[in-house]
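Each remark here refers to the structure printed beneath this line.
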Amino acid sequence: MAHGWARREDARLLTGHGRYVADIAVPGCLDAAFVRSSVAHGRLCGVDCAPARRVPGVRGAWAAADLPGLPPVPLTALAGMSSAEVVAGRVWPSLAVDRVRYAGEAVAVVVGEDRYRAEDGVAEIVVRTDPLPPAVSVAEALDGSVPLFEGLDNVVLERSVGVPIDEAVWGRAAVVVEARYRQQLLLPSPMECRAFLAVPEKDRLTVWCSHQAPYRLRRELAEALDLPVERIRVVTPDSGGAFGSKSATFPEYLTVAFLALTQGAPIRWIEDRAESLLAATRGRGQDQRVRLAADAEGLLLAYELRIDADVGAYPHIGAGLPMQTARMATGAYATPLVHATVRSVLTTTMPTYPYRGAGRPEAAFALERSMDVLADRLGMDPAELRRRNFIPPERFPYETPTGRRYDSGNYAGALDLALKTLDYDGWRAERVRRRASVTALPLGIGLSCYVERSGGEEGGLHEFGGVEACPDGTVIARCGTASSGQSHQTTFSSLVAATLGLDSSRVRFAEGDTDELADGVGSYASRSAQVGGPALHRAATALIGLARERAARLWRLPVGEVAWSGGTLSSRADDAVALDLGELVRVTGSLRVDERFESGMAFPFGTHAAVVEVDPGLGTVRVLRLVAVDDCGVMLNPAAVEGQARGSIAQGIGQALYEGVPYDEAGVPLLPYGLLDYLLPTFTEMPPVEVRETSTPTPWTPLGAKGAGESGCIGTPAAIVNAVADALGVTDPDLLRMPLTPDAVWRAARASAVGSEAGSTVGEGL
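By the numbering used here, the letter at position 635 of the sequence shown is numbered 645, and the numbering carries on one by one without gaps.
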């Protein structure tokens, strides 16, 4: 498609004319603030809201006991997972009832004339809690001593994919790598935290929300509040980012919507950063054990991945996310035997949710770290080991042992371009030079080859799009997606304009409003361009056909005699017989086409390569160069794809080097100073990054586009950690655990040096 589209969003957003939920002005609107548990786990003995009600400007204060009928949090269904199976008596109340299960859980709500008065009311509420032991880690939750729900196990889901591997396979292998990895809990940290405004009207409820799936939110609110779907309108205005963290119906949303209806007043809740750090969604959170076997030539024989996933205090969408890791365990390799098992475990932390990559970074990290250890054990170049085991292009579509059907790929092409762009041989020579020097800091090179899934799961691989011609000659393009910064206005307007042969200025794009289109799915799982793009393309193509039919009837000509060119209809036999699209609408009436498009899953892929310099004495890591080669098929908007790649790379660097949620012994997050404690990489920490691409179109859609936007979170962490391990000569994968803080790197350097002196065996991770 066209290159170099100027972002239509920029002028509005960069000049302060964006319209976010907090900007929506509604007469008489009240503000909500929540009282949150200061303990991670305990019996809730009492919540006294009376003092708050006496605070000037407070309109009301409620605990769960004061709100009979307040619905619990609905479970967002995942493919192949029933609500009954996962919840099984473990209901998440919108306000805590008898027990609190994580620090930050909402126990009461105060509504005031403004947020200041609501916060004053929050400060007056007295909460009495009898503390219980916390279970912050999966290991603590699995020992059975801290059940989060009486009489119920903390394991809420146990699944496996692939076929169990006979122990004889491991015995026959020339090399077996065994290792443990930890995917730490991360905060998605969008610039705009969660935001929700509920406005009751005469016969319906209008909701303004920073959300990724407005139609899902409408449906879940309707079910929870026992309202017909048509009586709820959801609007998602401009959004300050999401990264997966705004894809669900949260307890705060239900509480505010319920109060707006019962109190008959508009109420909004704007989460502040302190709340977000304490009570917003977490991502990742897996303990992994792997075994990887190969023959003496480096050909992979078997791979086993065992996942114990921290899904937080209540089973929700996060309970099923580890299955994404299991299903993507194969990676880019033609490993004949792959078996992955999952246990989703409750802990006394905020429930986990999707976070950019959602299961695929975890899969890539475990496999790619193990591939580097295997290469070291074999004395083989890590690039050559990967190339030797890639699924070759002629085997696509490829059925993986874990049940995925890869659509297309040229993995060696991405690796070769990454090595060339990086100057792999040049950096290897520099590494040798530094190892011979007694003064130079050690340098390491790391690779990570990944495959991800885009578009969504079975049952959700569809999207709705509509195109309407207007009497003034303009066109409205509508889609069921919901942008949170992905340039939809630019990309989709230009796509429809190109399909119709119009200037893009004649196309207005509308999304994120359930009144605009009958149905929609949303924007998550890198699905917008892959599924929403073809829906709009199909609708625009159908509009041309419908316009030609109308003109043919108007002129009493066969349809084949009517031509379309750049928004003008004409007779092929007589150029004088012509009219433009606006005239056709004025003469014949409304002209609109709505379409539903469904595709198969797509599987973007790529190779990321990193060069780092490490100071073993200080534990500091400096990323000297990072190359990302990604393949998302046909790029509808290359500039937007590159922007998404760079943004996700920053988050991948964050996971590798800086980010993680620490907890104290009582199970409370240790983030008293906000983002001074939770370290996000800034522009200063960004290394030189070169983004390149290959293009292997998916055969499942007419546009050939696969999803883009999550690649950096998936490919970058393992590349950086592999590079640090290479620099330090760390051969035990258990010695380097993310984030690679100076303390972690310093300890790994010391342990590696001691191990080398003792002649320790490489790769013995278990």
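Idealized CB from N, CA, C, for every residue including glycine.
Bear in mind the structure is a predicted one, so any value in this text is a computation, not a measurement.
With a cut-off of 8 angstroms on the beta carbons, I'd call residue i and residue j a contact; round off their distance for me.
i, j, result
"E248", "G28", "A small correction: the amino acid at residue 248 is Asp; Glu does not occupy that position in the sequence shown. Rounded, the Cβ-Cβ distance is 4 angstroms, consistent with contact."
"A267", "L231", "6 angstroms"
"T362", "R292", "5 angstroms"
"L594", "A561", "6 angstroms"
"R111", "A323", "4 angstroms"
"A329", "L167", "5 angstroms"
"G483", "G599", "Actually they are not in contact, since the Cβ atoms of G483 and G599 sit about 15 angstroms apart, beyond 8 angstroms."
"T345", "E700", "The Cβ separation is near 30 angstroms, so there is no contact."
"A733", "A620", "4 angstroms"
"R635", "P682", "R635 to P682, Cβ: 36 angstroms. No contact."
"V148", "P325", "At roughly 14 angstroms, the Cβ-Cβ gap does not stay under 8 angstroms, so V148 and P325 are not in contact."
Spatial neighbours of residue i within its chain, please: C-beta separation below 6 angstroms, excluding the five flanking residues on both sides.
i, result
"E767", "Bear in mind that a pLDDT of 49 at E767, under 50, signals an unreliable position, so the number given afterwards is only what the model happens to contain. For E767, where only same-chain residues beyond five positions count, there are no Cβ hits under 6 angstroms."
"V517", "V485, A487, S503, V506, A507"
"V348", "G172, Y313, A339, T340, P411, T412"
"A549", "G475, G476, V477, V603, E605"
"L776", "Because the pLDDT at L776 is just 28, under 50, the model does not fix this residue reliably, and the value given afterwards should be weighed accordingly. The answer, listed in chain order, is E188."
"G662", "G722, C723, T726, P727"
"V300", "A189, L315, A376, S380"
"P392", "D382, A385, L457"
Under a three-way DSSP split, which group does residue i fall into?
i, result
"A777", "Residue 777 lies beyond the residue range present for the chain, which begins at 11 and ends at 776; the question has no answer from this structure."
"A761", "helix"
"D153", "coil"
"H349", "strand"
"Q298", "strand"
"T630", "strand"
"L24", "helix"
"Y112", "coil"
"P37", "coil"
"H326", "coil"
"Y30", "coil"
"L453", "strand"
"A623", "Residue 623 is actually Glu in this sequence, not Ala. Three-state DSSP puts E623 in a strand."
"T291", "coil"
"P141", "strand"
"G341", "coil"
"Y421", "helix"
"T362", "strand"
"E123", "coil"
"V640", "Checking the displayed sequence, the identity of residue 640 turns out to be Asp instead of Val. Reduced to three states, the DSSP call for D640 is strand."
"V101", "coil"
"L310", "strand"
"A319", "strand"
"S286", "helix"
Excluding sequence positions up to five away, which residues of its chain have a Cβ less than 8 angstroms from the Cβ of residue i?
i, result
"E440", "L453"
"Y668", "L689, L690, P691, E695, P749, T751"
"S170", "A336, H349, A350, T351, V352"
"E150", "P144, V156, T357"
"M11", "Confidence in M11 is poor, its pLDDT being 40 and thus under 50, which makes the residue's placement unreliable; the coordinate value appears in the next sentence. Around M11: S504, L505, A508, V644, M645, L646, N647, L713."
"G99", "F159, L162"
"R125", "D41, A43, I280"
"V731", "F375, R379, G456, A666, L746, M748, L750"
In its own chain, which residues sit with a C-beta less than 7 angstroms from the C-beta of residue i, not counting the 5 before and 5 after it?
i, result
"A55", "Looking at the sequence itself, residue 55 is Cys, so the reference to Ala does not match. Within the same chain, C55 has close Cβ partners R138, T139, D140."
"P238", "A232"
"P332", "Q296, I317, A319, V352, S354, G369"
"Y421", "A342, F400, I401, C459, F615"
"R18", "Q499, T500, S503"
"D753", "G629"
"A761", "L745"
- Which whole runs of the alpha helix (DSSP H) in the segment 232 to 277 are 4 residues long or more, in chain order? Fully contained in the segment 232 to 277 are the following alpha helix (DSSP H) runs of length 4 or more, in chain order: 261 to 273.
- Message: Contact between the segment 279 to 292 and the segment 97 to 105 is defined here as three or more beta-carbon pairs at a separation below 8 angstroms; is this criterion met?
- Response: Contact fails: fewer than three Cβ-Cβ distances are below 8 angstroms.
- Message: I'd like the ranges of any alpha helix (DSSP H) spanning at least 4 consecutive residues and lying wholly in the segment 568 to 617.
- Response: Runs found: 591 to 598.
- Query: Can you give, in chain order, each stretch of the beta strand (DSSP E) that sits fully within the segment 39 to 82 and has at least 3 residues?
  - Reply: Assignment of beta strand (DSSP E) within the segment 39 to 82, counting only whole runs of 3 or more residues, yields 40 to 46, 52 to 58, 68 to 73 in chain order.
- Item | Complete beta strand (DSSP E) runs within the segment 653 to 728 (minimum length 3 residues, chain order) | Listed in chain order, they are 699 to 703.
- Is the segment 269 to 280 in contact with the segment 164 to 180, if contact means three or more CB pairs nearer than 8 angstroms? Contact fails: fewer than three Cβ-Cβ distances are below 8 angstroms.
- Where are the alpha helix (DSSP H) runs, 4 residues long or more, that stay fully inside the segment 159 to 245, in chain order? Fully enclosed alpha helix (DSSP H) runs of 4 or longer: 177 to 182, 224 to 235.
- Query: Counting pairs of Cβ atoms below 8 angstroms between the segment 108 to 121 and the segment 129 to 149, do you hit three or more?
  - Reply: By the C-beta criterion, the segment 108 to 121 is judged to be in contact with the segment 129 to 149, since at least 3 inter-stretch pairs fall below 8 angstroms.
- Item | Sufficient close CB pairs (3 or more, under 8 angstroms) joining the segment 734 to 742 to the segment 668 to 678 | Fewer than three Cβ pairs drawn from the segment 734 to 742 and the segment 668 to 678 lie within less than 8 angstroms of each other, which leaves the two stretches out of contact.
- Quick check: the segment 649 to 657 against the segment 417 to 437, are there 3 or more CB pairs under 8 angstroms? With a cut-off of 8 angstroms, the segment 417 to 437 and the segment 649 to 657 do not count as touching, because too few Cβ pairs lie within range.
- Query: Does the pairing of the segment 632 to 641 with the segment 614 to 621 give three or more beta-carbon distances under 8 angstroms?
  - Reply: Between the segment 632 to 641 and the segment 614 to 621 there are three or more C-beta pairs closer than 8 angstroms, enough to call the two in contact.
- beta strand (DSSP E) segments (min. 3 residues) lying fully within the segment 467 to 547: For the segment 467 to 547, whole beta strand (DSSP E) runs of length 3 or above, ordered along the chain, are 472 to 479, 485 to 489, 517 to 520.
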